[in-house]
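Enquirer: Sharing a structure, written as structure tokens. Questions coming.
Protein chains in written order, with the numbering used here: chain A, 1 to 262; chain B, 263 to 449.
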């Protein structure tokens with residue numbers, strides 16, 4: 001549970017080559033698709049498609065399992081808890097007041113769990129196949145202000161550094177006899193302050209240096225800045241964008257205009 | 263492409279200083295560092311839990327940013343930093359909810375905390391109000407996504423997390439403000 005994992009895997013698949021903007025749009029449409037569907041069979045089909053796409057992403061099995069471990073835990077909890085809190089429908093399987101379990105309750109629980117899997121998978125698809133640099137570049141192209149984009153890119157770059165700093169300060173304080181896993185509420189809070197104060201001071205000093213570095217590199221000297229690498233939509237990207245939008249638009253039309261339950 | 267049309271109206275500063283359009287380099291650096299710190303603290307000082315994955319003290323950093331650098335820093339760094347931690351820890355679909363929950367927490371805490379010259383009482387009020395925003399947002403979001411059972415199970419954990427984080431954030435902001443007052447202002 002410690003340290004920093006980069007979810008991105010370097011590879012040259014079509015998912016990696018697709019424009020990050022298209023992938024961000026696809027995450028949104030796939031999530032919305034998962035949210036508007038409630039039939040278990042439809043959701044299972046969507047989940048299967050997601051699994052295939054993730055396999056295309058070429059992330060290692062170990063990393064995928066590590067990433068999904070939380071999701072599986074949540075799914076298990078939903079399957080257990082949903083029927084307990086939603087006892088509706090007719091075929092009652094078990095009735096012992098106050099616990100009542102029905103077949104529709106169990107099915108709805110499983111459907112919700114599969115929906116959570118689809119939502120998580122859509123985000124993993126983006127994180128597995130898009131480098132942080134491309135992600136920020138895509139966001140800036142989508143209208144994020146450049147200075148905030150720079151701030152975001154810098155914070156992503158400093159993330160592993162700060163994780164390491166937090167870890168080493170924790171170890172240093174432990175070597176001085178700090179016990180983080182002992183004591184009551186107040187004492188634990190105090191102990192964490194002993195770790196966080198040096199961390200924050202290191203970070204603020206780093207911010208001073210960073211702002212000097214930015215100034216010395218003429219940050220914001222010209223408003224009409226240029227970029228070394230420009231994102232360009234290619235024909236394939238337009239096709240992917242069309243598919244991503246259609247995958248949500250068609251079921252949404254079917255559901256809300258022709259009122260077919262999905 | 264939008265920036266091309268905007269920049270023609272911005273007068274060029276002959277001294278090469280930052281045009282009014284961009285935030286100052288100091289702010290960029292500070293926000294970058296605070297965001298990264300929030301994410302790093304959320305990710306590394308975490309205790310695993312059965313439901314949502316981890317009990318973290320990321321809230322401490324949100325409150326600290328809000329109390330020390332104002333509501334804007336609290337909202338941006340708290341929201342984006344925590345959402346990034348969710349993304350990187352494998353709770354991507356939770357990131358939009360976290361963005362709203364922690365962003366509003368930072369915003370409210372940052373508005374209330376430093377008011378009346380930031381007395382401890384105001385900061386505690388800020389923790390209470392900001393924490394309520396975060397707990398409510400999470401509860402509603404989890405209800406929609408996971409159903410009532412999980413949301414109800416999560417509620418006391420979130421309250422505990424926000425109290426723990428608030429206690430740390432309060433102590434941290436006081437310790438750091440002492441440090442910042444001692445230090446000669448060079449930059």
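Just so it is clear, CB atoms sit at the ideal spot from N, CA and C, and this is done for glycine as well.
(1) Does any residue of chain B bring its CB to less than 8 Å from the CB of residue 190/A?
(2) Tell me which residues share the same chain as residue 241/A and place their Cβ nearer than 6 Å to its Cβ, disregarding the 5 neighbours each side in the sequence.
(3) Between residue 227/A and residue 319/B, is the Cβ-Cβ spacing less than 8 Å?
(4) Indicate whether residue 91/A and residue 100/A have their beta-carbon atoms separated by less than 8 Å.
(5) Are at least three pairs of beta-carbons, each pair with one atom in the region 365-374 of chain B and one in the region 330-348 of chain B, less than 8 Å apart?
(6) Let me know the alpha helix (DSSP H) ranges lying completely inside the region 379-433 of chain B, each 4 residues or longer, listed in chain order.
(7) Do you know offhand how far residue 84/A's Cα is from residue 129/A's?
(8) Which residue comes first and which comes last in the alpha helix (DSSP H) that contains residue 139/A?
(9) Got a sec: is the Cβ-Cβ distance from residue 305/B to anything in chain A below 8 Å?
(10) Measuring CA to CA, which of 379/B, 429/B, 391/B, 342/B is closest to residue 189/A?
(11) Can you look up residue 102/A in the DSSP assignment and give me helix, strand or coil?
(12) Short of 7 Å in beta carbon distance, which residues of its chain neighbour residue 273/B, apart from the five on each side in sequence? Order them along the chain.
(13) What does residue 95/A pair with, by DSSP beta-bridge criteria?
(14) When burial is assigned at 16 or more other CB atoms within 10 Å of the CB, is residue 7/A buried or exposed?
(15) Does residue 443/B have its Cβ less than 8 Å from a Cβ in chain A?
(16) Using a Cβ-Cβ distance under 8 Å, would residue 374/B count as near chain A?
(17) Could you tell me which chain A residues have their CB closer than 7 Å to the CB of residue 411/B, listed as they occur along the chain?
(18) Under DSSP, the alpha helix (DSSP H) around residue 192/A begins and ends at which residues?
(19) Counting only C-beta atoms, is residue 163/A closer than 8 Å to chain B at any point?
(20) Any Cβ of chain B within less than 8 Å of the Cβ of residue 124/A?
(21) Just to make sure I have the definition right: I need the residues of chain B whose C-beta is within less than 9 Å of the C-beta of residue 112/A. Which are they?
(22) Is residue 355/B close to chain A, meaning its C-beta is less than 8 Å from at least one C-beta of that chain?
(23) Expressed to the nearest angstrom, what Euclidean distance is found between the alpha-carbon atoms of residue 377/B and residue 163/A?
(24) Whole angstroms is fine: what's the gap from residue 135/A's alpha carbon to residue 20/A's?
(25) Who are the near neighbours of residue 234/A in its chain, counting only those whose CB is closer than 6 Å to its CB and skipping five residues on each side?
(26) With a threshold of 8 Å between beta-carbons, can residue 147/A be considered close to chain B, or not?
(27) Determine the direct distance from the alpha carbon of residue 357/B to that of residue 343/B, and round the result to whole angstroms.
(28) Quick test of the definition: if touching needs 3 or more C-beta pairs under 8 Å, does the region 180-188 of chain A touch the region 211-226 of chain A?
(29) Kindly indicate which residue of 159/A, 53/A, 112/A, 246/A has the alpha-carbon position closest to the one of residue 278/A.
(30) Can you give me the C-alpha to C-alpha distance between residue 199/A and residue 151/A, rounded to a whole angstrom?
(31) Please tell me whether residue 400/B has its Cβ less than 8 Å away from any Cβ of chain E.
(32) Roughly how far, in whole angstroms, is the beta-carbon of residue 273/A from the beta-carbon of residue 34/A, given that I think they are within contact range, below 8 Å?
(33) Residue 341/B and residue 365/B: beta carbons closer than 8 Å?
(34) To the nearest angstrom, how far is the alpha carbon of residue 239/A from that of residue 18/A?
Expert: Result, derived from the coordinates:
(1) Counting from one through the first chain, the residue named residue 190/A turns up at place 190. Between residue 190/A and chain B, the shortest Cβ-Cβ separation is below 8 Å.
(2) The residue labelled residue 241/A in the question sits at position 241 within the first chain. Hits under 6 Å: 22.
(3) Taking the first chain and counting its residues from 1, the one referred to as residue 227/A is at position 227. Taking the second chain and counting its residues from 1, the one referred to as residue 319/B is at position 57. Contact: no.
(4) Here residue 91/A corresponds to residue number 91 of the first chain, with the count starting at 1. Here residue 100/A corresponds to residue number 100 of the first chain, with the count starting at 1. Cβ atoms of residue 91/A and residue 100/A: not closer than 8 Å.
(5) The region 365-374 of chain B makes contact with the region 330-348 of chain B; the number of CB pairs closer than 8 Å reaches 3 or more.
(6) 382-408, all fully within the region 379-433 of chain B.
(7) On the first chain, position 84 is the one that residue 84/A refers to. On the first chain, position 129 is the one that residue 129/A refers to. One Cα belongs to residue 84/A, the other to residue 129/A, and the distance between them is close to 38 Å.
(8) Position 139 of the first chain holds residue 139/A. Segment 132-141, the alpha helix (DSSP H) holding residue 139/A.
(9) On the second chain, position 43 is the one that residue 305/B refers to. With 8 Å as the cut-off, residue 305/B counts as an interface residue toward chain A.
(10) As a position in the first chain, residue 189/A is number 189, starting the count at 1. With distances taken between CA atoms, residue 189/A lies nearest to 429/B out of 379/B, 429/B, 391/B, 342/B.
(11) Position 102 of the first chain, counted from the first residue, corresponds to residue 102/A. Three-state result, residue 102/A: strand.
(12) As a working mapping, residue 273/B is identified with position 11 in the second chain. Only weak support is given to the placement of residue 273/B: the predicted model assigns it a pLDDT of 45, under 50, and the question is left unresolved by the model.
(13) Along the first chain, one-based indexing puts residue 95/A at 95. Per DSSP, the beta bridge partners of residue 95/A are 100/A.
(14) Walking along the first chain from the start, residue 7/A turns up at place 7. Residue 7/A comes out buried.
(15) Position 181 of the second chain, counted from the start, is the residue given in the question as residue 443/B. No - not a single Cβ of chain A is within 8 Å of the one on residue 443/B.
(16) Translated into the one-based positions of the second chain, residue 374/B becomes position 112. Using beta-carbon distances, residue 374/B does not count as an interface residue toward chain A, since no partner is under 8 Å.
(17) Looking up residue 411/B in the second chain gives position 149. Contact of residue 411/B with chain A by beta-carbon distance below 7 Å involves 81, 82, 84, 85.
(18) Position 192 of the first chain, counted from the first residue, corresponds to residue 192/A. Looking at the DSSP string, the run of the alpha helix (DSSP H) that includes residue 192/A is 185-216.
(19) One-based indexing of the first chain puts residue 163/A at position 163. Taking Cβ atoms only, chain B reaches closer than 8 Å to residue 163/A, which makes this a yes.
(20) Within the first chain, the letter at position 124 stands for residue 124/A. Cβ-Cβ to chain B under 8 Å: yes for residue 124/A.
(21) Here residue 112/A is taken as the residue at index 112 of the first chain, counted from 1. Those within 9 Å of residue 112/A in chain B are 407, 408, 409.
(22) The residue you call residue 355/B lines up with position 93 of the second chain. At least one chain A Cβ lies under 8 Å of residue 355/B.
(23) Here residue 377/B refers to the residue found at position 115 of the second chain. Here residue 163/A refers to the residue found at position 163 of the first chain. Residue 377/B and residue 163/A: Cα-Cα distance of roughly 32 Å.
(24) Stepping through the first chain from its first residue, residue 135/A is reached at position 135. Stepping through the first chain from its first residue, residue 20/A is reached at position 20. It is roughly 6 Å from the alpha-carbon of residue 135/A to the alpha-carbon of residue 20/A.
(25) As a first step, residue 234/A is located in the first chain; it is residue number 234 there, counting from the start. Here the set comprises nothing.
(26) Numbered from its first residue, the first chain carries residue 147/A at position 147. Residue 147/A counts as touching chain B.
(27) Position 81 of the second chain, counted from the start, is the residue given in the question as residue 343/B. Position 95 of the second chain, counted from the start, is the residue given in the question as residue 357/B. Rounded to whole angstroms, residue 343/B to residue 357/B spans 10 Å at the Cα level.
(28) No: fewer than three Cβ pairs fall under 8 Å.
(29) For chain A, the structure presents residues 1 to 262; residue 278/A sits outside this window and is missing.
(30) For the purposes of this step, residue 199/A is taken as residue 199 along the first chain, with counting starting at 1. For the purposes of this step, residue 151/A is taken as residue 151 along the first chain, with counting starting at 1. Whole-angstrom Cα-Cα distance: 20 Å.
(31) The structure shown contains no chain E; its protein chains are A and B.
(32) Given a span of 1 to 262 for chain A in the structure shown, any question on residue 273/A remains unanswerable.
(33) For the purposes of this step, residue 341/B is taken as residue 79 along the second chain, with counting starting at 1. For the purposes of this step, residue 365/B is taken as residue 103 along the second chain, with counting starting at 1. Yes. Within cutoff.
(34) Stepping through the first chain from its first residue, residue 239/A is reached at position 239. Stepping through the first chain from its first residue, residue 18/A is reached at position 18. A straight-line Cα-Cα distance of about 10 Å links residue 239/A and residue 18/A.
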